[in-house]
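S.K.: Before I ask anything, here is the structure I am working with.
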DNA sequence: ACCCATTGCGTTATGGCATAACATGAGTCA
DNA sequence: TGACTCATGTTATGCCATAACGCAATGGGT
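Protein chains in written order, with the working numbering: chain L, 1 to 129; chain R, 1 to 129.
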């Protein structure tokens, strides 16, 4: 497992994501980093691309937003499930072996060669219920 | 089970979706319907809202696009899984009882009250493999 | 028949999300 | 040195989605 050195921009974006409890859009990250010299969306998107690629952040498709990975060590063998609270917008991350193998079964049954999955749940979290 | 009457616009959008094998964005639907008097995105989005609500169409979050429902009778008790081929962009739809109960288990374990799920798989379909 | 609530329609304008294309600079390695 | 890679900065552009307005048609309920 190699440590990966983040550039200054990547570090700034990562810090911004980590400091937020709820997902942030690229543009809201941009706004928070204007004081640090950020001026264009691309500066954010490029950093996000890298962070997502190395697994330090995740993109939430249903929100067009991003979160810091809260999984201590993201298990590459399992699909990640995101639970997005409709009330507080906070996001919980989970993974489950049975779910992942089930997903693979579903794909296999359709002769579909699975490479990645987007699993985003909506509902209400325990704190808000 | 009540039959639902579609308006002219809704019918046009539905026909367009049904005629396409792969997902369509709202704007590409708009382009295909300009000859039928469509002029603005909202005309498409309003029809799509309705079609999605009554289950005749689905929104694919990871594509920002829409597909006609290919499920003969969409089972409300099961979550729908979309398999999107990276090669041909075609989409297959499936559902599975085990997967749905697994998903609920994962949510329960996090004290999350599940109301809806987005499950979109990427990979390669049988025809393209 | 009347009112009223609901639903859909059409238009203009606006806002949010994301990337293309081009040029620059820093670091590595043969 | 030269070629290559990766990150950066900037401008411009394009796609996705909705706000806000007003109007038209429908369908109960009294």
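Backbone N, C-alpha and C fix where the C-beta goes; we use that ideal spot for every residue, glycine too.
Give the DSSP bridge partners of residue 54/R, in chain order.
M.R.: Looking at the DSSP assignment, residue 54/R forms no beta bridge with any residue, so it has no partner.
S.K.: Spatial neighbours of residue 87/R within its chain, please: C-beta separation below 8 Å, excluding the five flanking residues on both sides.
M.R.: Taken in chain order, the residues that qualify are 124, 125, 128.
S.K.: Tell me, to the nearest whole angstrom, how far the beta carbon of residue 32/R is from that of residue 7/R; I am working on the premise that it is less than 8 Å.
M.R.: Actually they do not touch by this definition, with Cβ atoms about 18 Å apart.
S.K.: Of all the residues that make up the stretch 76-103 of chain R, which are near chain L by a beta-carbon distance shorter than 8 Å?
M.R.: Hits within the stretch, in order: 81, 83, 85, 86, 92, 94, 96, 98, 99, 102, 103.
S.K.: Would you kindly check if the distance between the Cβ of residue 65/L and the Cβ of residue 83/L is under 8 Å?
M.R.: In this structure, residue 65/L does not lie closer than 8 Å to residue 83/L by Cβ.
S.K.: Using CA atoms only, rank isn't needed, just tell me which of 41/R, 37/R, 35/R, 34/R is closest to residue 25/R.
M.R.: Of the candidates 41/R, 37/R, 35/R, 34/R, the one whose C-alpha sits nearest the C-alpha of residue 25/R is 41/R.
S.K.: Which runs of the alpha helix (DSSP H) spanning at least 4 residues fall entirely within the stretch 27-109 of chain L, listed in chain order?
M.R.: Listed in chain order, the complete alpha helix (DSSP H) runs (minimum 4 residues) inside the stretch 27-109 of chain L are 41-53, 97-109.
S.K.: Could you tell me the alpha carbon to alpha carbon distance between residue 30/L and residue 116/L, rounded to whole angstroms?
M.R.: Approximately 28 Å between the Cα atoms of the pair.
S.K.: Which one of 53/R, 90/R, 114/R has the shortest CA to CA distance from residue 101/R?
M.R.: Residue 101/R has its Cα closest to that of 114/R, out of 53/R, 90/R, 114/R.
S.K.: Starting from residue 19/R and walking both ways along the alpha helix (DSSP H), at which residues does that stretch end?
M.R.: Residues 8-19.
S.K.: Please check if any C-beta of chain L sits within less than 8 Å of the C-beta of residue 112/R.
M.R.: Interface residue, yes.
S.K.: What does a CB cutoff of less than 6 Å around residue 107/R pick up in its chain, not counting 5 residues either side in sequence?
M.R.: Answer for residue 107/R: 114, listed in chain order.
S.K.: How many Å lie between residue 9/R and residue 35/R at the Cα?
M.R.: Each residue's alpha carbon lies about 13 Å from the other.
S.K.: For residue 92/R, tell me which candidate among 23/L, 111/L, 68/L has the shortest Cα-Cα distance.
M.R.: It is 111/L whose Cα lies nearest to the Cα of residue 92/R.
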